[in-house]
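Read top to bottom, the protein sequences are chains X and Z. Every letter in the first sequence is one number past the one before it in full-length UniProt numbering, and letter 262, counting from 1, is 262. Every letter in the second sequence is one number past the one before it in full-length UniProt numbering, and letter 179, counting from 1, is 179. Heads up, the beta-carbon is just placed ideally off N, CA and C, and yes, glycines get one too. Read through the structure below, which is laid out as structure tokens, and then see the notes.
Number of protein chains: 2
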Amino acid sequence: MTYTIKDVAQRANVSTATVSRILNDQGGYSEKTKRKVLNVIQELDYYPSGIARGLTNKRTDTIGVLVPNLTSSLITEFLNGIESVAHKIGSSVIVCHTESHGIKTMKYLQLLHEKRIDGLILASTLLKKEYYDYIVKMRVPVVLLSAYSEFPVPYVTANDYEAAYTGTKYLIQKGHKDIGMISGNKEEWIAGNLIPRVEGFKSALSDYNIPFYESYIEYGKFSIDDGVTGLKHLLNRVPDLTAIFAENDEIGMGVLSAAYNLGIKVPEKLSVIGMDDISLCKFMSPPLTSVSLSHNEMAEKAANLMFKMINSATEVSNCILDHQIIERLSVRSQ
Amino acid sequence: MTYTIKDVAQRANVSTATVSRILNDQGGYSEKTKRKVLNVIQELDYYPSGIARGLTNKRTDTIGVLVPNLTSSLITEFLNGIESVAHKIGSSVIVCHTESHGIKTMKYLQLLHEKRIDGLILASTLLKKEYYDYIVKMRVPVVLLSAYSEFPVPYVTANDYEAAYTGTKYLIQKGHKDIGMISGNKEEWIAGNLIPRVEGFKSALSDYNIPFYESYIEYGKFSIDDGVTGLKHLLNRVPDLTAIFAENDEIGMGVLSAAYNLGIKVPEKLSVIGMDDISLCKFMSPPLTSVSLSHNEMAEKAANLMFKMINSATEVSNCILDHQIIERLSVRSQ
């Protein structure tokens with residue numbers, strides 16, 4: 001049975017205009033009348049516009065998540081982590097996909113604002129000033145996941161520079177000296193800043209007195225395809241590479257695939273290490289060694305932080321998680 | 001600048017109560033007044049509760065998508081297809097993840113109802129009576145994607161039975177007789193009904209006079225892990241299998257992974273075919289042959305159908321898409 005505003009007014013013994021005023025938060029009624037009307041609204045489960053419920057307890061029990069990419073395995077793993085926390089708490093999760101696109105991102109921020117979410121997580125999103133200005137206006141808790149910002153927005157992330165340093169050092173300690181890197185898109189990072197994973201790679205080489213040449217780095221985007229073409233380009237330029245440091249696991253998967261099709265045995269002829277440790281790594285042939293950035297924990301931490309802010313409006317601290325090498329079968333000693 | 005209901009009333013030269021009544025669709029005002037107020041609301045971009053905008057044109061330019069699983073590659077590919085259509089039209093997409101869980105599904109249906117979506121796509125969801133009853137109440141266009149229903153809800157899907165028949169026939173024509181199948185969860189399918197992909201597999205064997213034994217089928221769920229354990233169980237029972245028909249590509253990927261770790265060469269010692277033709281197939285080692293069910297086209301068709309219903313309120317026809325074998329390197333002639 002669907003109730004109308006008239007049913008609410010009748011049962012609360014007030015005029016429909018009063019119910020309207022209460023729903024639109026306009027004043028002109030007593031607190032007692034407001035409580036009475038809100039009780040009836042809850043009893044009847046009446047909601048003219050999906051808003052009454054939000055007004056009755058100031059919560060919608062819905063959070064929003066903006067993600068740049070829905071087909072990235074890492075992002076879907078982030079979503080899994082966020083949802084497991086949200087569902088325990090009884091909150092629904094709305095996922096919107098921005099493609100790292102400025103206009104789309106603004107549109108979805110506005111949409112989520114209109115839909116009156118309790119809180120927002122921005123996953124792997126570079127926080128532009130335009131977004132920051134808008135989320136300030138939204139007045140809901142916001143947490144950055146796997147991203148860092150100069151703006152005062154709490155974040156949960158990893159130290160990309162150190163993780164890349166660790167991964168490269170691992171290859172060096174296995175005896176590799178001719179190490180190529182396939183990196184994601186330069187422009188995805190903060191304009192004018194250094195790319196942390198590339199810098200970590202260079203620093204490790206430098207600390208172990210291995211010369212660095214620009215030709216040892218190939219820039220693509222972050223997809224499997226970029227690993228495929230990246231390996232081909234690198235080997236054309238530097239046929240003697242014995243190891244590849246892939247900036248993420250999807251690039252690493254592309255390297256494994258290209259190596260298979262080129263008849264290059266991994267790890268016998270070429271060692272490959274990825275980063276992120278997505279769940280697909282262990283199912284590759286060979287299983288892909290990777291630098292784990294504890295992404296599952298990262299996503300859960302970001303969600304917990306956001307709910308803490310929703311529930312207590314307290315300040316929270318940023319969080320930078322540790323990383324570790326997950327050894328599988330794609331790297332061998334040189 | 002944020003406007004209040006008072007600004008709207010003032011600029012439209014009516015009382016705030018009139019604006020309220022218009023927003024709540026209560027009547028008691030002329031069409032002319034309504035138009036005037038709605039114009040001002042649009043001018044000021046005023047929305048007290050995310051609803052006014054919906055009322056002004058009866059649209060929210062937002063669609064909802066319910067998916068059972070966010071980490072399944074197939075589902076993320078569906079979402080890509082839906083979003084590409086929605087974004088061209090200028091509609092936002094809200095994605096909610098039900099885990100095929102009845103209570104969560106109902107909760108998300110209610111949520112999307114409250115959020116006033118223009119239309120809904122249910123991807124790979126078994127339409128229970130409870131859901132059907134609710135979506136009738138929602139009074140928005142609904143399309144089933146990769147699912148079929150007895151209820152009068154339009155669907156876009158493939159013929160799973162015939163696709164499985166074709167995949168099995170392909171292995172038979174390559175000379176295989178000892179073919180194992182790894183199937184998804186029996187209970188995911190309509191209770192009491194036959195599992196279409198299993199039935200297609202059995203029919204092909206029967207038509208080519210190959211005896212069928214229950215021990216040749218392993219039931220798991222639909223994940224890569226199920227392919228890994230499935231292959232081990234099957235080979236324990238039937239060591240002489242020369243080919244595996246995997247009910248979906250993720251199971252197929254698990255079979256490739258288990259074979260690699262067991263030292264069984266694919267396709268030299270074991271041929272493997274998957275189904276769905278997800279984009280990961282071509283990156284496997286070896287690249288996985290699969291029965292394509294045109295999922296990208298399927299998702300786009302479902303989205304186009306839904307927008308057609310939103311725009312014209314016309315009846316639409318169900319759509320069953322063709323399938324085809326995508327030959328790669330994981331099957332060889334026996």
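Worksheet item: On the three-state DSSP scale, how would you describe residue 279 of chain X?
Response: If you number the first sequence from 1, residue 279 of chain X lands on position 279. If DSSP states are grouped into helix, strand and coil, residue 279 of chain X belongs with the helices.
Item to complete: Give the straight-line distance between the Cα atoms of residue 130 of chain Z and residue 271 of chain Z, rounded to the nearest whole angstrom.
Response: Counting from one through the second sequence, the residue named residue 130 of chain Z turns up at place 130. Counting from one through the second sequence, the residue named residue 271 of chain Z turns up at place 271. Those two C-alpha atoms are separated by around 43 Å.
Worksheet item: So, is residue 218 of chain Z buried or exposed, given that buried needs 16 or more other C-beta atoms within 10 angstroms?
Response: Locating residue 218 of chain Z in the second sequence gives position 218, counting from the first residue. With 16 or more Cβ atoms within 10 Å of its Cβ, residue 218 of chain Z is classed as buried.
Item to complete: Could you tell me if residue 8 of chain X is buried or exposed, where buried requires 16 or more neighbouring beta carbons within 10 angstroms of its beta carbon?
Response: Against the first sequence, residue 8 of chain X aligns to sequence position 8. So residue 8 of chain X ends up on the buried side.
Practice prompt. Would you mind telling me which residues of chain Z sit closer than 9 Å to residue 96 of chain X, beta carbon to beta carbon, in chain order?
Written response: For this step, residue 96 of chain X is matched to residue 96 along the first sequence. Within chain Z, the residues placing a beta-carbon under 9 Å from that of residue 96 of chain X are 92, 93, 94, 95, ordered along the chain.
Worksheet entry | Cβ pair residue 224 of chain Z, residue 77 of chain Z closer than 8 Å | Indexing the second sequence from 1 puts residue 224 of chain Z at position 224. Indexing the second sequence from 1 puts residue 77 of chain Z at position 77. The Cβ atoms of residue 224 of chain Z and residue 77 of chain Z do not sit closer than 8 Å to each other.
Discussion item. Give me the DSSP bridge partner(s) of residue 183 of chain X.
Written reply: Position 183 of the first sequence, counted from the first residue, corresponds to residue 183 of chain X. X/219.
Worksheet item: Quick one: what's got a C-beta closer than 8 Å to residue 317 of chain X's C-beta in the same chain, skipping five residues either side?
Response: The residue given as residue 317 of chain X occupies position 317 in the first sequence. Cβ within range, chain order: 154.
Worksheet item: Bridge partners of residue 313 of chain Z, per DSSP?
Response: In the second sequence, residue 313 of chain Z corresponds to position 313, counting from 1. As far as DSSP is concerned, residue 313 of chain Z takes part in no beta bridge.
Discussion item. For residue 61 of chain Z and residue 303 of chain X, what's the separation of their Cα atoms in angstroms?
Written reply: Indexing the second sequence from 1 puts residue 61 of chain Z at position 61. Indexing the first sequence from 1 puts residue 303 of chain X at position 303. Pairing residue 61 of chain Z with residue 303 of chain X, the inter-Cα distance amounts to about 28 Å.
Item to complete: Could you say if the region 104–120 of chain Z and the region 135–143 of chain Z meet the contact criterion of at least three C-beta pairs nearer than 8 Å?
Response: With a cut-off of 8 Å, the region 135–143 of chain Z and the region 104–120 of chain Z count as touching, because enough Cβ pairs lie within range.
Discussion item. Can you find the residues in the same chain that come closer than 6 Å, C-beta to C-beta, to residue 99 of chain Z, ignoring five residues on each side of it along the sequence?
Written reply: By 1-based counting over the second sequence, the position of residue 99 of chain Z is 99. Excluding its 5 nearest sequence neighbours in each direction, residue 99 of chain Z has no C-beta neighbour in its own chain below 6 Å.
Fill in: Entirely enclosed alpha helix (DSSP H) segments - the region 63–122 of chain Z, minimum 4 residues
Under the rule that a run must span 4 or more residues, the alpha helix (DSSP H) segments found entirely inside the region 63–122 of chain Z read 73–89, 102–114.
Worksheet item: How would you list, in chain order, the residues of chain Z whose beta-carbon sits under 8 Å from the beta-carbon of residue 83 of chain X?
Response: Counted from its first residue, the first sequence places residue 83 of chain X at position 83. Listed along chain Z, the residues sitting closer than 8 Å to residue 83 of chain X by beta-carbon distance are 70, 97.
Fill in: Presumed contact (8 Å Cβ cut-off) between residue 178 of chain Z and residue 242 of chain Z, rounded CB distance
Taking the first residue of the second sequence as position 1, residue 178 of chain Z is located at position 178. Taking the first residue of the second sequence as position 1, residue 242 of chain Z is located at position 242. The C-beta separation of residue 178 of chain Z from residue 242 of chain Z comes to about 5 Å, placing the pair in contact by the 8 Å criterion.
Worksheet item: Hey, residue 12 of chain Z and residue 40 of chain Z are a contact pair by Cβ (cut 8 Å); roughly how many whole angstroms apart?
Response: Numbered from its first residue, the second sequence carries residue 12 of chain Z at position 12. Numbered from its first residue, the second sequence carries residue 40 of chain Z at position 40. Yes, they are in contact, since the Cβ atoms of residue 12 of chain Z and residue 40 of chain Z sit about 4 Å apart, within 8 Å.
Worksheet entry | Short-range partners of chain B found in the region 273–303 of chain X, where Cβ spacing is below 8 Å | Although the question refers to chain B, the structure presented lacks it and instead comprises the protein chains X and Z.
Worksheet entry | the region 193–217 of chain X: positions lying closer than 8 Å to chain Z by Cβ | Listed by position, the residues of the region 193–217 of chain X near chain Z (Cβ gap below 8 Å) amount to none.
Discussion item. So, does the region 281–300 of chain Z touch the region 319–333 of chain Z, judging by three or more C-beta pairs under 8 Å?
Written reply: The answer is yes - the region 319–333 of chain Z touches the region 281–300 of chain Z, with three or more Cβ pairs under 8 Å.
Worksheet item: residue 280 of chain X and residue 253 of chain X: beta carbons closer than 8 Å?
Response: Translated into positions along the first sequence, residue 280 of chain X becomes position 280. Translated into positions along the first sequence, residue 253 of chain X becomes position 253. Their beta carbons are under 8 Å apart, which means residue 280 of chain X touches residue 253 of chain X by this criterion.
Item to complete: In the DSSP assignment, find the alpha helix (DSSP H) that holds residue 210 of chain Z and state where it starts and stops.
Response: Here residue 210 of chain Z refers to the residue found at position 210 when the second sequence is read from its first residue. Per DSSP, residue 210 of chain Z belongs to no alpha helix (DSSP H) and is neither H nor E.
Worksheet item: Along chain Z, in chain order, which residues have C-beta atoms closer than 7 Å to that of residue 253 of chain X?
Response: As a first step, residue 253 of chain X must be located in the first sequence, where it is residue number 253. Simply 283.
Worksheet item: Between the region 103–131 of chain X and chain Z, which residues of the former have a C-beta closer than 7 Å to a C-beta of the latter?
Response: So the list reads 107, 108, 111, 114, 115, 116, given in the order they occur along the chain.
Worksheet entry | Sequence-distant residues of the same chain with beta carbon closer than 8 Å to residue 34 of chain X, five excluded per side | Your numbering for residue 34 of chain X matches position 34 in the first sequence. 22, listed in sequence order.
Fill in: residue 324 of chain Z, enclosing beta strand (DSSP E) - first and last residue
Within the second sequence, the letter at position 324 stands for residue 324 of chain Z. Segment 324–326, the beta strand (DSSP E) holding residue 324 of chain Z.
Practice prompt. Under 7 Å between beta-carbons, which chain Z residues line up against residue 224 of chain X? List them in chain order, please.
Written response: Sequence index remark: in the first sequence, residue 224 of chain X carries index 224 (1-based). Ordered by position in chain Z, the residues that pass the 7 Å Cβ test against residue 224 of chain X are 283.
Worksheet entry | Beta-carbon separation (whole angstroms), residue 300 of chain Z vs residue 95 of chain Z, contact threshold 8 Å | Mapped onto the second sequence, residue 300 of chain Z falls at position 300. Mapped onto the second sequence, residue 95 of chain Z falls at position 95. No, residue 300 of chain Z and residue 95 of chain Z are not in contact; Cβ-Cβ is about 16 Å, not under 8 Å.
Item to complete: Using DSSP bridges, identify the partner residues of residue 142 of chain Z.
Response: As a working mapping, residue 142 of chain Z is identified with position 142 in the second sequence. The partner list for residue 142 of chain Z (beta bridge, DSSP) reads Z/120.
Discussion item. When you compare the CB of residue 256 of chain X with every CB in chain Z, is at least one pair closer than 8 Å?
Written reply: Position 256 of the first sequence, counting from 1, holds the residue named residue 256 of chain X. Yes, contact with chain Z.
Item to complete: From the DSSP output, in three-state form, read off residue 307 of chain X for me.
Response: Reading the first sequence from its first residue, position 307 is the one you call residue 307 of chain X. Helix at residue 307 of chain X.
Worksheet item: Ordered along the chain, which non-local residues of its own chain (more than five positions away) have a Cβ less than 6 Å from that of residue 230 of chain Z?
Response: Within the second sequence, the letter at position 230 stands for residue 230 of chain Z. Excluding residues within five positions, the ones whose Cβ falls inside 6 Å are 182, 218, 220.
Worksheet item: Which residue or residues does DSSP assign as beta-bridge partners of residue 158 of chain X?
Response: Position 158 of the first sequence, counted from the start, is the residue given in the question as residue 158 of chain X. DSSP, once it has assigned bridges, lists X/321 as partnering residue 158 of chain X.
Worksheet item: What distance in whole Å lies between the Cβ atoms of residue 321 of chain Z and residue 204 of chain Z, which are believed to be in contact at a cut-off of 8 Å?
Response: Locating residue 204 of chain Z in the second sequence gives position 204, counting from the first residue. Locating residue 321 of chain Z in the second sequence gives position 321, counting from the first residue. Between residue 204 of chain Z and residue 321 of chain Z the beta-carbon gap is near 20 Å, outside 8 Å, which marks them as no contact.
Worksheet item: Which class does residue 255 of chain Z belong to by DSSP, given the choice of helix, strand or coil?
Response: Sequence index remark: in the second sequence, residue 255 of chain Z carries index 255 (1-based). Looking at residue 255 of chain Z - three-state DSSP - the assignment turns out to be helix.
Worksheet entry | Alpha carbon of residue 20 of chain X to alpha carbon of residue 10 of chain Z, nearest angstrom | Position 20 of the first sequence, counting from 1, holds the residue named residue 20 of chain X. Position 10 of the second sequence, counting from 1, holds the residue named residue 10 of chain Z. Whole-angstrom Cα-Cα distance: 18 Å.
Discussion item. How far does the alpha helix (DSSP H) with residue 224 of chain X in it extend, from its first residue to its last?
Written reply: Here residue 224 of chain X refers to the residue found at position 224 when the first sequence is read from its first residue. Where residue 224 of chain X is concerned, the enclosing alpha helix (DSSP H) stretches over 224–237.
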